[in-house]
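>
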Amino acid sequence: MKLNRNMEISLISSSPESTQEIGKRIGAKIQPGDVLLLMGDLGAGKTTITQGILWGLGGTEHARSPTFVLVNEYPARLTLYHMDLYRLNSIDEIEDLGLDDYLYGDDVCVVEWADKATGYFPVNHAIVRLEAIDSQTRRITISSESVDLDRLVMALESCADG
Ligand SMILES: Nc1ncnc2c1ncn2[C@@H]1O[C@H](COP(=O)(O)OP(=O)(O)O)[C@@H](O)[C@H]1O
Ligand SMILES: [Mg+2]
Numbered sequence: 000m001k002l003n004r005n006m007e008i009s010l011i012s013s014s015p016e017s018t019q020e021i022g023k024r025i026g027a028k029i030q031p032g033d034v035l036l037l038m039g040d041l042g043a044g045k046t047t048i049t050q051g052i053l054w055g056l057g058g059t060e061h062a063r064s065p066t067f068v069l070v071n072e073y074p075a076r077l078t079l080y081h082m083d084l085y086r087l088n089s090i091d092e093i094e095d096l097g098l099d100d101y102l103y104g105d106d107v108c109v110v111e112w113a114d115k116a117t118g119y120f121p122v123n124h125a126i127v128r129l130e131a132i133d134s135q136t137r138r139i140t141i142s143s144e145s146v147d148l149d150r151l152v153m154a155l156e157s158c159a160d161g
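If you count by numbering that gives the first Met the number 0, then the sequence shown holds residues 0 to 161, one letter each, in order.
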């Protein structure tokens with residue numbers, strides 16, 4: 000039996016720095032094995048929020064879009080595997096990449112364009128959806144698909160716009 004539950008918070012960000020700050024709060028609460036699926040159009044801010052997530056995890060590098068290499072690895076309190084499925088066209092192609100060791104491991108995965116293969120990921124994941132409202136404004140919605148990941152949603156409670 001799967002209980003149909005999910006906890007969700009929506010925030011407005013009015014600058015890239017504010018999006019990074021939201022990422023930092025999420026990163027600070029990340030635990031081993033967490034999988035975050037990032038969804039949103041090109042330029043929505045998926046890479047920008049990942050930069051903050053890495054800093055919140057204690058990393059110091061500036062995360063860049065892994066579009067051409069598919070997976071970037073960043074050292075931090077836990078290793079952050081930053082993936083981007085933009086260039087992939089089918090679930091088969093995604094399966095062929097052999098990402099399971101990362102996705103079911105004890106580190107952390109952040110996946111851009113995860114909407115290309117939602118069914119492929121571990122059931123326990125959090126979704127971060129980014130939507131451009133205008134050139135500087137983004138709506139960021141985080142939802143958890145498991146009780147364990149509610150802590151990532153609650154990390155943003157104090158900055159929710161209600
Ligand atoms: N509030 C905001 N949050 C995030 N990015 C923003 C915001 N306002 C403007 N931007 C700009 O939007 C772009 C987002 O790019 P990026 O994070 O690479 O998007 P994606 O990875 O989703 O394609 C950057 O150029 C960034 O400076
Ligand atoms: Mg990107």
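Each residue gets a CB set at the ideal place from its N, CA and C atoms; glycine is no exception.
Would you mind sorting Tyr-103 into buried or exposed? The rule is 16 or more other CB atoms within 10 Å of its CB.
Here the question's residue 103 lines up with position 104 in the sequence shown. Exposed is the call here.
> Is it true that the segment 32-43 meets the segment 113-128, where meeting means three or more beta-carbon pairs spaced less than 8 Å apart?
Flag = yes, the segment 32-43 and the segment 113-128 touch.
> If you check the beta carbons only, do Arg-137 and Thr-49 fall under 8 Å apart?
By one-based count along the sequence shown, residue 137 stands at place 138. By one-based count along the sequence shown, residue 49 stands at place 50. Their beta carbons are not under 8 Å apart, which means Arg-137 does not touch Thr-49 by this criterion.
> According to DSSP, which residues form a beta bridge with Ser-143?
As a working mapping, residue 143 is identified with position 144 in the sequence shown. DSSP output for Ser-143 lists Met-6 and Ala-125 as bridge partner(s).
> To test your reading of the DSSP string, which unbroken alpha helix (DSSP H) runs of 4 or more residues are found completely within the segment 40-86?
Counting only runs of 4 or more, we get 45-55.
> Could you have a look at Ile-11 and say whether DSSP puts it in helix, strand or coil?
If you number the sequence shown from 1, residue 11 lands on position 12. Residue state, collapsed to three classes: strand.
> Let me make sure I understand the geometry here. Which of Asp-106, Val-34 and Gly-118 has the alpha-carbon closest to that of Glu-94?
Taking the sequence shown and counting its residues from 1, one reaches residue 94 at position 95. Among Asp-106, Val-34 and Gly-118, the Cα nearest to that of Glu-94 is on Gly-118.
> Tell me the residue span of the alpha helix (DSSP H) that contains Glu-94.
The sequence position of residue 94 within the sequence shown is 95, counting from 1. Run containing Glu-94: 90-95, per the alpha helix (DSSP H) assignment.
> Does the separation of the CB atoms of Leu-53 and Ala-75 fall below 8 Å?
What you label residue 53 is simply residue 54 of the sequence shown in a count that begins at 1. What you label residue 75 is simply residue 76 of the sequence shown in a count that begins at 1. Taking 8 Å as the Cβ cut-off, Leu-53 and Ala-75 qualify as a contacting pair.
> For Ile-139, tell me which candidate among Asp-99, Lys-45, Asn-5 and Gln-30 has the shortest Cα-Cα distance.
As a first step, residue 139 is located in the sequence shown; it is residue number 140 there, counting from the start. If we check each option's Cα against that of Ile-139, Lys-45 comes out closest.
> What does the alpha-carbon distance come out to for the pair Met-0 and Ser-134?
Working through the sequence shown from its first residue, we reach residue 0 at position 1. Working through the sequence shown from its first residue, we reach residue 134 at position 135. Caution is warranted here: a pLDDT of 48 is assigned to Met-0, below 50, making its placement in the model unreliable, and no coordinate value can be reported.
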